[in-house]
Ligand code: BES
Ligand code: MN
Ligand code: ZN
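In my numbering, the protein residues as written are 52 to 546.
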């Protein structure tokens, strides 16, 4: 997929379709459509019919005959202008791109609308993001591509005024880096376990780092043993395939700047282990490394954007398998920092591998750590597929994430970590146990992690937002790439 920026007009744009955004407000709609109808008589019947009114998430196509280079004009509604957000622009661009794809267009040009209070950079970025993200499809294993599965492969973002070209190009360049990271995360999350197991995840991180400009070191099982990562080794005990611990380093900041550490859960497949999951829907658990995918995708994007921050990415990775050598309930594991946990349920494996990663983060004396994990089914029950659960000790980073969530539309909602919940994970035989039962499952999982934290920390439970049962706007079914846009926005605004 390619995207370029030009200064041009809707008449001469060489594309299969030109997209024009229209707002719903009567005055603006009348004014704009009057101009359009005068310029393009072919569009007049549609615009005067009342069939398209500029409502959010609606689109319409007019055919231009010989009036324009492009055969089609696609109108995309922005809703009302008051309170219009960049998210509306992203969604409107996605809707138009999807409509164009349905018309079998491969090249689509977008007019950048001028919106009060919004910079050309931001609007161009939002259009490029929405359009590109909407065309994602995980079809690598489909040998016969369907005829109605055509995707747009070329986007042109068009400004009418030459003086705006630089701003629009900057916005589009940022969008390209972001979409690249999101696509990496989606592809990793969607890859099945027979393709993508821990060793391969490590290789991918190395390849991506080489291209984007960050350093990757993959620690093997021997090294993991010598580090005494009992959590990662315990979860791996049932697997034939060995675990890896991936360390990614990007140094864009000053030498003296303490790093921000990103940690991602990398369970390449979660069967539940001996506490095995029911068969229905188990295949979703190929996406149980979405936290890792989000971290790798973010490392990619921030390196490509050359952000002036120091960031470390850590990914503990293993499968969670049942077998004669697997850990069993009642087992007691000892983590890297010497703390112990009783295994109550082998399906609560994410927190076990994250515990060691959080211990490992110590050595960087991080200014802050954020972890992302598809950690609990309870989080899906609480917040559905719309909102990520947020918990932690770092008030400042929670505020940063809330701000970024507003801008990126990757919602977060905070749950409390009151001490009163601690008793749910107390054990008679070890320091803590790995499951707190059904109540407050998302909170007790986070409280488990808190035992391994010695720095300002935020935990993001992305169990609901990482994998979608069906596509919405610019989000596909399956792996969403959640976290990449959120974290990139936070790091772009770090200071
Ligand atoms: N990977 C799952 C959580 C999950 C569920 C992610 C659904 C995405 C969609 C996690 O390892 C798990 O199995 N958690 C258990 C914990 C319980 C045994 C304490 C759960 O949520 O049931
Ligand atoms: Mn599990
Ligand atoms: Zn899991």
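Glycine included, every Cβ here is placed at the ideal spot set by N, Cα and C.
#1: Say the cut is 8 angstroms; is the CB of residue 318 nearer than that to a heavy atom of the ligand ZN?
#2: Considering residue 479, what are the terminal residues of the beta strand (DSSP E) in which it resides?
#3: Enumerated in chain order, which unbroken segments of the alpha helix (DSSP H) with a length of 4 residues or greater are wholly contained in the stretch 289 to 366?
#4: Check whether the stretch 460 to 471 touches the stretch 406 to 417, counting contact only when three or more Cβ pairs, one atom from each stretch, lie closer than 8 angstroms.
#5: If you scan the stretch 201 to 230 from start to end, which runs of the beta strand (DSSP E) of 3 or more residues do you find wholly inside it?
#6: Helix, strand or coil: which one does DSSP assign to residue 442?
#7: Looking only at its chain, what residues have a beta carbon closer than 7 angstroms to the beta carbon of residue 141, apart from the 5 residues adjacent to it on each side?
#8: Tell me, to the nearest whole angstrom, how far the beta carbon of residue 203 is from that of residue 148; I am working on the premise that it is less than 8 angstroms.
#9: By the three-class DSSP mapping on this structure, what secondary structure does residue 426 have?
#10: Give the range of the beta strand (DSSP E) segment to which residue 410 is assigned.
#11: What do you reckon, is the C-beta of residue 431 under 8 angstroms from a heavy atom of the ligand BES?
#12: Between the C-alpha atoms of residue 55 and residue 420, what's the straight-line distance to the nearest angstrom?
#13: Find the nearest neighbour of residue 371 within the set 226, 319, 517, judged by alpha-carbon distance.
#14: Tell me whether residue 100 sits in a helix, a strand or coil according to DSSP, three-state version.
#15: Within the stretch 456 to 519, note down every full alpha helix (DSSP H) run reaching 4 residues or more, in order along the chain.
#16: Is the beta carbon of residue 352 less than 9 angstroms from the beta carbon of residue 456?
#17: When DSSP builds the beta bridges, which residues end up paired with residue 269?
#18: Hey, residue 426 and residue 503: beta-carbon distance below 9 angstroms or not?
#19: Consult DSSP for residue 158 and reduce its assignment to one of helix, strand or coil.
#20: Given a cut-off of 9 angstroms, decide if residue 350 and residue 313 are closer than it, judged by their beta-carbon atoms.
#21: Throw me the rounded Cβ distance for the residue 76 and residue 131 pair, which I believe falls under 8 angstroms.
#22: Can you list, in chain order, the residues of its chain with a C-beta nearer than 7 angstroms to that of residue 83? Leave out the 5 residues immediately preceding and following it.
#23: Put residue 415 into one of helix, strand or coil per three-state DSSP.
#24: For residue 164, which residues of its own chain have a beta-carbon under 6 angstroms away from its beta-carbon, when the five flanking residues on both sides are left out?
#25: Using only the alpha-carbon positions, how far apart do residue 495 and residue 430 sit?
#26: Quick one: does the C-beta of residue 447 sit closer than 8 angstroms to a heavy atom of the ligand MN?
#27: Tell me whether residue 522 sits in a helix, a strand or coil according to DSSP, three-state version.
#28: With a threshold of 16 other CB atoms inside 10 Å of the CB of residue 127, please say whether the residue is buried or exposed.
#29: With burial defined as no fewer than 16 other Cβ atoms inside 10 Å of the residue's Cβ, what is the status of residue 255: buried or exposed?
#30: Give every residue whose Cβ lies closer than 5 angstroms to any heavy atom of the ligand BES, listed in chain order.
#31: Would you call the stretch 505 to 518 and the stretch 435 to 449 touching, i.e. three or more CB-CB distances under 8 angstroms?
#32: Here's the rule: buried if 16 or more other CB atoms are within 10 angstroms of the residue's CB, otherwise exposed. What is residue 89?
#33: Cβ of residue 371 versus every heavy atom of the ligand MN: is any distance shorter than 8 angstroms?
#34: Measuring straight from C-alpha to C-alpha, what distance separates residue 270 and residue 296?
#35: Got a sec? Which residues, its chain only, sit under 6 angstroms from residue 215 by beta carbon, not counting five neighbours each side?
#36: Is any heavy atom in the ligand ZN found nearer than 8 angstroms to the beta carbon of residue 442?
Looking at the coordinates:
#1: yes
#2: From DSSP, residue 479 is part of no beta strand (DSSP E); its letter is neither H nor E.
#3: 341 to 355
#4: With the cut-off at 8 angstroms, the stretch 460 to 471 and the stretch 406 to 417 do not touch.
#5: 205 to 210
#6: Reduced to three states, the DSSP call for residue 442 is strand.
#7: 177, 180, 181, 525
#8: Contact check for residue 203 and residue 148: beta-carbon distance about 6 angstroms, within the 8 angstroms limit, so the pair qualifies.
#9: coil
#10: Segment 401 to 412 is the alpha helix (DSSP H) holding residue 410; no beta strand (DSSP E) there.
#11: yes
#12: 36 angstroms
#13: 319
#14: helix
#15: 492 to 501
#16: no
#17: Paired residues: 297.
#18: no
#19: strand
#20: yes
#21: 6 angstroms
#22: Around residue 83: 73.
#23: helix
#24: Excluding sequence neighbours, residue 164 sits near 72.
#25: Between residue 495 and residue 430, the C-alpha separation is close to 11 angstroms.
#26: no
#27: The DSSP-derived three-state label of residue 522 is coil.
#28: buried
#29: buried
#30: 321, 339, 396, 398, 399, 401, 425, 427, 428, 486, 514
#31: yes
#32: exposed
#33: yes
#34: 5 angstroms
#35: 171
#36: No; taking the cut-off as 8 angstroms, the Cβ of residue 442 has no heavy atom of the ligand ZN nearer than that.
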